[in-house]
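Below is one structure, written out as structure tokens; comments come after it.
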Amino acid sequence: TMNARSLLNFFELRCCMHAQWEIRELAWRMLNEVKKIAPTIFRKAGPPCKTRGICPEKREDCPWYPKKKDRT
303 TMNARSLLNF FELRCCMHAQ WEIRELAWRM LNEVKKIAPT IFRKAGPPCK TRGICPEKRE
363 DCPWYPKKKD RT
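Residue numbers 303 to 374, in this note's numbering, belong to the letters of the sequence shown in order.
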């Protein structure tokens, strides 16, 4: 079992484009389901590049990571 804080951490790590595809697909499915149940808690859940606008791994090959020309 997981509490909400554990789920938020799980989504941050496993929704990332660099997570293994099987676990990433499962994580996105789980995220879509919990958003239906608790939308306020999970509205900002997901990989940090989408939720915070930064990639802690600074992976330029990520399709969501802002490219240099996109940064101000």
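Ideal Cβ positions, reconstructed from N, Cα and C, are used throughout, including at glycine.
Asked                                                                     : Found
Identity of the residue in LEU315, ILE343 and ALA340 nearest LYS352 by Cα : LEU315
DSSP state of ASN305 mapped onto helix, strand, coil                      : coil
is_contact[GLU359, chain D] using C-beta, thresh 8 angstroms              : Reference to chain D is not applicable here, since this structure consists of a single protein chain.
Simplified DSSP state of ILE343, which is helix, strand or coil           : helix
N- and C-terminal bounds of the alpha helix (DSSP H) containing PRO350    : 350 to 353
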